[in-house]
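Shown next, in structure tokens, is the structure this report addresses.
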Amino acid sequence: MQNQNNSQESNRIGVGIFIVIVIILLILAGAAGVYYASLKQEKPKDLSDTTVKSFDLMEESKMVHRTVDDVLLMKRENWQLRDTGRRQHKDLLEVSGADVVWTDREVAVGVPVTTELEGASRWVQEHLRTTDVKTIREEKSKWHGMEAWRLDVGIAVKSGKDNERNFTTDTIFFFHHGNLTNRDRDIPRISKEERRNDEKSRTNDDRSRNDDRSRNDDRSRNDDRSRTDEGKR
């Protein structure tokens, strides 16, 4: 009788150990699945990948929108913000024929007349510097007939080994709003020398973008010729 009880006790212990092992294996399998899924998800997009027929940048666009909002709202006591709403865009890559989808919007930012428009743009760029948001370009502009400063920010996506392509998601217009009276004491005035250096830097950036665009156009034409020659053969 005692042997029978011992046998039943051993069976119960064995079943318990088996269940524990199964649970541990399931937990490990689940963790491995999450790990490999995260690796796959974190793989950076590459616009030169011809096996991909569509590049969805909607989540990246939302990330930029949220980040820009977070920075601008830091000045909600001093500035007036207005968002025009998001629009969806689709572009076709010439080389691969894949489409790229992202969203963009315009944000109008009224600042006190005592704040330089370019200085407000600099303040925003400085707070975006530690994020994944890409500063694409900035320049003098107009907003509803008023003097303004335009800042374009967005996403930089890998396009080949050493290249990347920028997609503008947020176009920010800074303009003077006469009803705003709180001074921006953390935005210093820009000296003439700094302004000259900035203008020179923007000119060089424009030339660089034009050179990159020309090289990409030449590369696309060469690829088209290669495909045509292969078709003839």
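Under full-length UniProt numbering, residues 1 to 233 are what the sequence shown spells out, in order.
Cβ coordinates follow ideal geometry from the N, Cα and C atoms, glycine included.
Every value quoted in this text rests on a predicted model; they were computed, and no experiment measured them.
Query: Take valine 100 as the anchor and find which of Glu138, Leu73, Lys53, Arg137 has the nearest alpha-carbon.; Result: Lys53
Query: Quick check on the burial criterion: 16 or more other C-beta atoms within 10 angstroms. Buried or exposed for threonine 65?; Result: Before going on, a small fix: residue 65 reads as histidine here, not threonine. So histidine 65 ends up on the buried side.
Query: Could you tell me if arginine 122 is buried or exposed, where buried requires 16 or more neighbouring beta carbons within 10 angstroms of its beta carbon?; Result: buried
Query: Report yes or no: do three or more beta-carbon pairs, one from the stretch 178-197 and one from the stretch 142-152, lie closer than 8 Å?; Result: no
Query: Going by C-alpha distance, which of Pro112, Gly97, Val133 is nearest arginine 185?; Result: Pro112
Query: In angstroms with no decimal places, state the Cα-to-Cα distance between residue 239 and leucine 72.; Result: Missing from the structure shown is residue 239; the chain here goes from 1 to 233 and no further.
Query: Name the two residues that bound the continuous alpha helix (DSSP H) containing alanine 120.; Result: 117-128
Query: Consult DSSP for leucine 57 and reduce its assignment to one of helix, strand or coil.; Result: coil
Query: Since valine 190 and valine 124 should fall inside the 8 Å C-beta cutoff, what is the C-beta to C-beta distance between them, to a whole number of angstroms?; Result: Just to set this straight, residue 190 is isoleucine in the shown sequence, not valine. Not really, about 14 Å apart at Cβ, beyond 8 Å.
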